[in-house]
Every structure is written in structure tokens, then in C-alpha cells.
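Novice: Per my numbering, the very first residue in the sequence shown carries number 68; after that it's consecutive.
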Amino acid sequence: MKSRKINTQNIIKQYESGVSNYSKSTYDIGLWESEKTVLLNYFKKSDRILDIGCGTGRTSFGLYQLGYINLSCFDITPGMIEAAKCIAETKGVDINFSVDDVTQMSFENESFDAAFFSFNGLMSIPQSTNRATALNQINRILKPNSYFIFTTHDRHAELDFLAYWQEEKRRWAAGKQDQRLYEFGDRLAMSKNENTEIYIHIPSVDEVTLAIQKAGFTLVETFYRSEQFDESDQVKAFSGECRFWVLRKA
Ligand SMILES: C[S@@+](CC[C@H](N)C(=O)[O-])C[C@H]1O[C@@H](n2cnc3c(N)ncnc32)[C@H](O)[C@@H]1O
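#1: Would DSSP call E288 helix, strand or coil?
#2: So for A282, helix, strand or coil by DSSP?
#3: Cβ atoms of S185 and I265: under 9 angstroms apart, would you say?
#4: Where do the N-terminal and C-terminal ends of the alpha helix (DSSP H) with L58 fall, by residue?
#5: Using only the heavy atoms of ligand 1, determine whether one of them is closer than 8 angstroms to the beta carbon of C121.
#6: Taking the DSSP output, what are the residues bridged to H268?
#7: Between the segment 201-217 and the segment 228-239, do at least 3 Cβ pairs fall closer than 8 angstroms?
#8: Considering L229, what are the terminal residues of the alpha helix (DSSP H) in which it resides?
#9: Return yes when the C-beta of M257 is under 8 angstroms from any heavy atom of ligand 1, and no when it is not.
#10: Is the closest heavy atom of ligand 3 to the C-beta of F141 under 8 angstroms?
#11: Among E225, A224, V287, which has the Cα closest to the Cα of Y214?
#12: At a cut-off of 8 angstroms, would you count A201 as near ligand 1, judging by its Cβ distance to the nearest heavy atom?
#13: Flag this pair as yes or no: are the beta carbons of V169 and A201 separated by less than 9 angstroms?
#14: Could you check the C-alpha separation between D180 and Q132 for me, to the nearest Å?
#15: Looking at C-alpha atoms only, which residue of F290, R292, Y291, V275 is the closest neighbour of F34?
#16: How about S84: is its Cβ closer than 8 angstroms to a heavy atom in ligand 1?
#17: Between the alpha carbons of T126 and H220, how many angstroms are there, rounded?
#18: Just to check my reading of the structure: R247 and K72 have Cβ atoms closer than 8 angstroms, yes? What is that Cβ distance to the nearest angstrom?
#19: Determine the extent of the beta strand (DSSP E) in which P211 is found, giving its start and end residues.
#20: Please identify the residue among S92, T196, F290 whose C-alpha is closest to the C-alpha of T123.
#21: Would you decide whether K111 is buried or exposed? Buried here means 16 or more other CB atoms lie within 10 Å of its CB.
#22: Helix, strand or coil for A224, going by three-state DSSP, please let me know.
#23: Got a sec, what are the start and stop residues for the beta strand (DSSP E) V313 sits in?
#24: Taking all protein chains shown into account, do 16 or more other C-beta atoms lie within 10 angstroms of the C-beta of M257, making it buried, or fewer, making it exposed?
Structure representation (C-alpha cells):
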């Protein structure tokens with residue numbers, strides 16, 4: 068039988084199973100030190116900010132607490148948004164949460180001053196063409212010179228996985244890769260927090276650099292989290308390593 072490619076419904080299903088874990092992180096963890104520092108560096112308190120793939124609001128409530136109150140937050144997974152709304156009610160905080168897909172969002176052109184897609188969410192969109200559409204859409208809704216910040220894994224920096232990627236390269240060359248995947252760099256693995264298989268694309272720096280240029284962004288800075296921040300053990304257990312990307316709409 069031919070394997071079905073990973074699709075949006077698979078992604079929603081995988082994140083539905085993570086709702087309780089993400090809810091816990093919203094209460095117990097909030098913004099990471101790295102996120103807090105980068106956001107304060109680039110976003111102005113008066114900015115109209117889009118929190119993309121906000122999950123249960125870990126970053127949204129964190130932003131709000133820092134004084135960023137002009138927020139629109141959305142996620143493709145209905146259970147995440149349901150939980151975010153419950154948490155907002157519990158906290159007595161008025162944040163606008165909605166269900167939406169970043170590749171099809173209907174916000175007006177140039178209507179935001181800043182955008183954030185945290186915790187490798189952009190790379191949980193299957194297929195490079197769809198990730199390119201997401202980047203184009205984000206560029207479209209931002210005003211000129213606005214910042215867009217996101218994170219990804221880094222295929223060449225994660226030393227424990229170098230042998231895995233060498234083997235994976237051989238499998239792709241021989242056509243023996245998991246047929247549910249689209250491109251080299253795609254990975255399906257059991258989640259350490261939830262009992263489900265998680266899809267994520269693990270990019271190279273060159274690949275992301277090219278994609279952001281094509282979408283009309285200028286790279287302001289990129290760094291590997293551990294180069295600049297020593298996060299708490301709790302944050303490290305929740306999130307693992309990642310690379311930050313700070314872009315400006317050209
Ligand atoms: C790794 S989780 C991060 C959640 C939250 N930002 C956090 O850091 O706690 C990635 C999130 O991106 C969302 N997501 C994936 N594809 C999306 C899409 N096309 N549009 C909007 N959200 C999406 C998922 O539903 C998931 O909640």
C-alpha cells in the first residue's frame with residue numbers, strides 16, 4: 068500500500084495531543100530568557116503584534132505580561148485555542164485568540180508592526196512550498212521595516228544527529244526514505260512528551276537564509292540559543308536547542 072504524505076490534518080492531530088503539555092508550559096514556564104531578551108530588543112510596546120502558532124498562549128501571555136497588549140494570537144489547532152481562551156479567562160486577561168492557518172490568513176496587508184512564530188512552529192508546516200507561502204503571507208501582513216522573529220532547529224549544529232542525517236542522506240539518494248515525508252530534512256519521530264509521532268522539518272542555515280530572502284525579508288541576526296543564553300533546566304527539558312532568526316521586512 069502506498070504511504071500517504073503528511074498533511075495539515077496530521078499536524079493538527081499531533082498538536083491536539085499536546086494541548087495538556089503546552090497548557091502546563093503556559094502556566095509553569097512562560098517566555099524563555101532568550102525569547103524575552105530578543106522580543107524586548109526588537110518589539111516596541113506600542114506595536115501591533117501577531118503571535119503565530121501561539122498554541123495555548125505560552126508566548127502570548129508572556130508578551131502581555133511584558134506590556135505588549137496589542138496582540139492578535141492564532142493557531143491552526145482548535146484544542147490549543149480552546150485551552151488558550153480558558154487560560155485567559157482564569158487569568159482575567161483580555162487577549163484575542165483565534166483559529167487560523169498562517170498559509171491562508173486573511174489579515175489585511177501591512178496591518179502589523181511585528182510578528183513572532185515561536186518554538187519551531189514554522190518548521191511544523193509540511194512541504195517547503197507551504198513554508199514559503201507562510202513566509203510570503205507573514206511578509207504581506209507586516210508594515211515595511213517591521214520585524215519577524217522565529218526559531219528553527221539547525222541540521223548541522225545538532226551533533227547527536229549528524230550520523231542520523233548522513234544515513235538519512237543515503238536513504239534519500241536510494242529512494243528508501245520514509246514515503247510519508249516530502250524533502251530531505253523532514254523528520255518523523257516519537258515525541259518525548261506525548262505518545263504520538265511528531266513531524267518537523269530540520270533545516271540547514273543556508274536553506275532558511277535563501278527562503279527568507281525569496282519572501283522579501285532581510286536577515287538582521289541569527290544565533291544558536293546556547294551561544295547566548297543558558298536557559299533553565301526546565302526550559303531545556305521542554306524545548307531542546309534551537310536557532311533564533313530575526314528578520315526585517317525589506
Ligand atoms: C511547537 S508548537 C508551539 C506552540 C507555542 N508557540 C509555544 O511555544 O508554546 C507549534 C504550534 O504551531 C501551530 N501551527 C502549525 N502549523 C500551523 C499553521 N499552518 N498555522 C498556524 N499555526 C500552526 C501548531 O498547532 C502548534 O500549536
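Backbone N, C-alpha and C fix where the C-beta goes; we use that ideal spot for every residue, glycine too.
Specialist: Based on what the coordinates show:
#1: Taking the first residue of the sequence shown as 1, we reach residue 288 at position 221. Strand, per DSSP.
#2: Numbered from its first residue, the sequence shown carries residue 282 at position 215. In the structure shown, A282 falls within a coil segment according to DSSP collapsed to helix, strand and coil.
#3: The sequence position of residue 265 within the sequence shown is 198, counting from 1. The sequence position of residue 185 within the sequence shown is 118, counting from 1. Remark: C-beta atoms of I265 and S185 do not approach each other more closely than 9 angstroms.
#4: Residue 58 lies beyond the residue range present for the chain, which begins at 68 and ends at 317; the question has no answer from this structure.
#5: Residue numbering aside, residue 121 sits at position 54 when the sequence shown is read from its first letter. Checking the Cβ of C121 against ligand 1 gives yes.
#6: By one-based count along the sequence shown, residue 268 stands at place 201. According to DSSP, H268 bridges with D253.
#7: Judged by Cβ distances under 8 angstroms, the segment 201-217 makes no contact with the segment 228-239, as fewer than three pairs qualify.
#8: The sequence position of residue 229 within the sequence shown is 162, counting from 1. Its alpha helix (DSSP H) spans residues 229-240.
#9: Residue 257 sits at position 190 when you count from the first residue of the sequence shown. No.
#10: Only ligand 1 can be found as ligands here, which leaves ligand 3 out of the picture.
#11: On the sequence shown, position 147 is the one that residue 214 refers to. Of E225, A224, V287, the residue nearest in Cα terms is V287.
#12: Position 134 of the sequence shown, counting from 1, holds the residue named residue 201. True, at least one ligand heavy atom lies under 8 angstroms from that Cβ.
#13: Within the sequence shown, numbered from 1, the residue matching residue 169 stands at position 102. Within the sequence shown, numbered from 1, the residue matching residue 201 stands at position 134. Going by C-beta atoms, V169 is nearer than 9 angstroms to A201.
#14: The sequence position of residue 180 within the sequence shown is 113, counting from 1. The sequence position of residue 132 within the sequence shown is 65, counting from 1. Each residue's CA atom was taken as its position, placing D180 and Q132 some 19 angstroms apart.
#15: Residue numbering for the chain in the displayed model covers 68 to 317; residue 34 lies beyond these limits and cannot be assessed.
#16: Translated into positions along the sequence shown, residue 84 becomes position 17. In this structure, S84 has its beta carbon at no less than 8 angstroms from each heavy atom of ligand 1.
#17: Here residue 126 refers to the residue found at position 59 when the sequence shown is read from its first residue. Here residue 220 refers to the residue found at position 153 when the sequence shown is read from its first residue. When rounded, the distance between both Cα atoms is 18 angstroms.
#18: Residue mapping note: residue 247 aligns to position 180 of the sequence shown, counting from 1. Residue mapping note: residue 72 aligns to position 5 of the sequence shown, counting from 1. Their Cβ separation, rounded to whole angstroms, is 6 angstroms, which keeps R247 and K72 in contact under 8 angstroms.
#19: Along the sequence shown, read from residue 1 onward, the residue named residue 211 stands at position 144. For P211, the enclosing beta strand (DSSP E) begins and ends at 209-219.
#20: One-based indexing of the sequence shown puts residue 123 at position 56. Of the listed residues, the one whose Cα sits closest to T123 is S92.
#21: In the sequence shown, counting from the first residue as 1, residue 111 sits at position 44. Counting Cβ neighbours within 10 Å, K111 comes out exposed, since fewer than 16 surround it.
#22: As a first step, residue 224 must be located in the sequence shown, where it is residue number 157. Three-state result, A224: coil.
#23: Numbered from its first residue, the sequence shown carries residue 313 at position 246. In the DSSP assignment, V313 falls within the beta strand (DSSP E) that extends over 310-316.
#24: One-based indexing of the sequence shown puts residue 257 at position 190. Counting C-beta atoms within 10 angstroms of its own C-beta, M257 has fewer than 16 neighbours from the protein chains shown and is therefore classed as exposed.
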